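Reviewing the structure listed below.
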Amino acid sequence: MAAVTAAAAAGLAVCPLARRVAPRTLVDVGAKFGLPPLPLSQVVLYSRVRDARAGAALRRFADSLAISA
Numbered sequence: 009m010a011a012v013t014a015a016a017a018a019g020l021a022v023c024p025l026a027r028r029v030a031p032r033t034l035v036d037v038g039a040k041f042g043l044p045p046l047p048l049s050q051v052v053l054y055s056r057v058r059d060a061r062a063g064a065a066l067r068r069f070a071d072s073l074a075i076s077a
C-alpha cells in the first residue's frame with residue numbers, strides 16, 4: 009500500500025483511501041474527475057490468538073473499524 013500511496017502523492021495515480029488514513033498531501037479528486045462514489049467495503053479479521061493481551065488488542069482494533077464505518 010505504501011507504493012500506491014507514494015505514486016498518488018507523486019501525481020502518478022489515484023487510489024481509494026479512507027480520509028482518516030490518507031496523507032494530508034493527497035487531494036480528493038472524486039468530484040473533479042467525475043468518479044463514482046466507492047461502495048462500502050467489508051473487513052474480516054480471523055484470529056487464533058490465545059494470549060489475553062493480544063486478544064484485547066485485536067478487539068480494540070476491530071472496535072475501531074466498526075466505529076469508523
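Under my numbering, the first residue of the sequence shown is numbered 9, with each subsequent residue one higher. Virtual Cβ for every residue (Gly too), placed ideally from N, Cα, C. Since we're looking at a predicted model, the values are computed, not measured.
For residue i, is the classification buried or exposed, using 16 other Cβ atoms within 10 angstroms of its Cβ as the cut-off for buried?
i   : result
A16 : buried
Measuring alpha carbon to alpha carbon, tell me which residue in the options is nearest residue i.
i   : options               : result
L34 : G42, L66 and P24      : P24
Y54 : A60, R67 and L43      : R67
A39 : V22, R32, P31 and L48 : V22
V37 : R61, G19, R58 and D71 : G19
Tell me the rounded alpha-carbon separation between residue i and residue j.
i   : j   : result
F69 : R28 : 15 Å
A10 : A30 : 11 Å
R32 : T13 : 11 Å
R56 : A64 : 13 Å
When you compare the CB positions of residue i and residue j, do they come within less than 8 Å of one another, or not?
i   : j   : result
G73 : V52 : Just to set this straight, residue 73 is Leu in the shown sequence, not Gly. Taking 8 Å as the Cβ cut-off, L73 and V52 do not qualify as a contacting pair.
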